[in-house]
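A.B. asks: Residue numbers (UniProt numbering): 1 to 470.
1) For residue 307 versus residue 442, is the C-beta spacing smaller than 7 Å?
2) Hey, residue 63 and residue 359: beta-carbon distance below 7 Å or not?
3) For residue 457, which residues does DSSP report across the bridge?
4) Taking 7 Å as the cut-off, decide whether the C-beta atoms of residue 266 and residue 169 are in contact.
5) Since I believe residue 112 is in contact with residue 122 (beta carbons under 8 Å), could you give me their beta-carbon distance rounded to a whole number of angstroms?
6) Can you give the Cα-Cα distance for residue 329 and residue 338, rounded to whole angstroms?
7) So what's residue 24 in DSSP terms, helix, strand or just coil?
8) For residue 455, does the count of other Cβ atoms within 10 angstroms reach 16, so buried, or fall short, so exposed?
9) Alpha carbon to alpha carbon, what distance is there between residue 349 and residue 100?
10) Can you tell me whether DSSP reads residue 340 as helix, strand or coil?
11) So the candidates are 79, 57, 33, 60; which of them puts its Cα closest to the Cα of residue 41?
12) Would you mind sorting residue 400 into buried or exposed? The rule is 16 or more other CB atoms within 10 Å of its CB.
13) Can you list, in chain order, the residues of its chain whose CB lies under 6 Å from that of residue 284, leaving out five sequence neighbours each side?
14) Output the residue ranges of the alpha helix (DSSP H) runs that lie fully inside the region 76-122 and measure 4 residues or longer, sorted by chain position.
15) Please name the residue, chosen from 464, 432, 239, that lies closest to residue 115 on a Cα-to-Cα basis.
16) Could you tell me which uninterrupted alpha helix (DSSP H) segments, each at least 4 residues in length, are contained entirely in the region 350-418, listed from first to last along the chain?
17) Any idea if residue 69 is buried or exposed, counting beta-carbon neighbours within 10 angstroms, 16 or more meaning buried?
18) For residue 187, which of helix, strand or coil comes out of DSSP?
19) Under 6 Å Cβ to Cβ from residue 107, same chain only, skipping five residues before and after it: list those, please.
20) Measure the C-alpha to C-alpha separation of residue 473 and residue 178 and round it to an integer number of angstroms.
21) Do residue 59 and residue 47 come within 7 Å of each other at the CB atom, strictly closer than that value?
22) For residue 325, tell me which candidate among 376, 385, 211, 429 has the shortest Cα-Cα distance.
23) Measuring alpha carbon to alpha carbon, tell me which of 344, 385, 394 ends up nearest residue 453.
24) Check whether the Cβ atoms of residue 467 and residue 164 sit closer than 7 Å, and answer yes or no.
25) Would you tell me roughly how many angstroms separate the C-alpha atoms of residue 374 and residue 261, rounded to the nearest one?
26) Where DSSP assigns a beta bridge to residue 268, which residues make up the other side?
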């Protein structure tokens, strides 16, 4: 979903960034390539012909092949600059300003305004965001993370027990993803003791979080304000799903906060940082909601690829037997996120005019980074459509390792990069390792599975796997 920058966000962007090196003078900017479109609706018809919003990543990828690594497009009322060149992407991130601003799905903005909701880090701007982000950086991106690994292991143990009994992989991974978050909040030991007391809320939350993303995606081609004013069914479904999810998550977090806390849980660490309980509830609620779709689908794509490539699965199993510290789990996750980034587009609104390779991007322009395209670019990846985890080994052939890293940034970079990156990487790598140690995983789908966008990148059909105990 794409939205325009609000007046409030315009005011927040007061930090002047130094200009990038220029190949041409400011007065002689090159025109950013633009596809032909119609008045008012731009290239919306072309997008619809390409499969509409579920295929936006393919539409944009095709435009990059036609127009190059930077182009401007107008889809409906929204105009944006799309960038796929890693150097250009990093240049914009480098000059994102003191208070980086990213896109927010319009339905969520409208909902928050109507209901007077104050939300967590993802929705914050300005000084409030900066102060809160610094505190959370200390807790989630710095220091010793053994407590984090222990929490992920506690939830993954349950996944191992349940995976053979479940006929719905997506539902199981949703539950596991939320279990991980609860384990991180309370600590591994307490999670093992109290998980059953939270089971009903977690199951309910898993279903409603999934519904939020599905209903949001159905509002992508219609203004959310209009859908709300007209009382459209799709708006009512979205609004109800958010109501239920927020209330369930807040009730669960408050319930845990009122219980005795152990020092190895995130909630205890947040209290030690003197974060107020109300703010803790806001931050944690959004962390829990964000973890649902993103991590569950990332894990589904990883298992799809590993099951589809039995030689790589055997390689992983053998390396885990002889070397518990093998880099292969990390490289499999990295390669999976390159091919199937759950967020195939990242966004920023530059606080000042910037000049990139002779192209002027005016301040507060919506800039969309096409990481689906950059991660499949032959300039940076040999045989980019192939699943090759070993390409990430530093001594692998003569590939420029640094260029590959710069070409795929699934968690973004800069001050507003994903706060949950360490959590996601730890739980994905750990779950992959434990599943392959325990099971031989085979793919039952006969037809190829494609990427479709429903807010995040999801499989076009359910992934069906068979788990056979080793």
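By construction, the Cβ of each residue, glycine as well, lies at the ideal position given by its N, Cα and C atoms.
Just so it is clear, the structure is predicted and the values come from calculations on it, not from any experiment.
C.D. replies: Let me lay it out:
1) Contact flag set, yes.
2) Taking 7 Å as the Cβ cut-off, residue 63 and residue 359 do not qualify as a contacting pair.
3) Residue 457 pairs with 453.
4) No, the Cβ-Cβ distance between residue 266 and residue 169 is not below 7 Å.
5) Beta-carbon to beta-carbon, residue 122 and residue 112 are separated by about 11 Å, too far to satisfy the 8 Å threshold.
6) CA-CA distance, residue 329 to residue 338, rounds to 14 Å.
7) Since pLDDT at residue 24 reaches only 39, below the 50 mark, its modelled position is unreliable, and the value read off the structure follows with that caveat. Residue 24 falls in the coil class under three-state DSSP.
8) Buried, since its Cβ has 16 or more Cβ neighbours within 10 Å.
9) Roughly 7 Å separates the two Cα atoms.
10) Of the three classes helix, strand and coil, the one that applies to residue 340 here is coil, per DSSP.
11) Among 79, 57, 33, 60, the Cα nearest to that of residue 41 belongs to 79.
12) The C-beta of residue 400 has fewer than 16 other C-beta atoms within 10 Å across all chains shown, which makes the residue exposed.
13) Cβ within range, chain order: 253.
14) If we require 4 residues or more, the alpha helix (DSSP H) runs fully inside the region 76-122 come out as 86-94, 106-115.
15) Ranked by Cα distance from residue 115, the first of 464, 432, 239 is 239.
16) Here the runs fully enclosed are 371-374, 401-407.
17) With 16 or more other CB atoms across the displayed protein chains lying within 10 angstroms of its CB, residue 69 is buried.
18) In the structure shown, residue 187 sits in coil (DSSP, three-state: anything other than H, G, I, E or B).
19) Answer for residue 107: 216, 219, 224, 238, listed in chain order.
20) Summary: the structure shown does not reach residue 473, with the chain confined to residues 1 through 470, and so no result is reported for it.
21) Yes; because the gap between Cβ atoms is below 7 Å, this pair is in contact.
22) Minimum Cα distance to residue 325 is reached at 429.
23) Closest by alpha carbon: 344.
24) Yes, Cβ-Cβ distance for residue 467 and residue 164 is below 7 Å.
25) Distance between the alpha carbons of residue 374 and residue 261 is about 44 Å.
26) In the DSSP assignment, residue 268 is bridged to no other residue.
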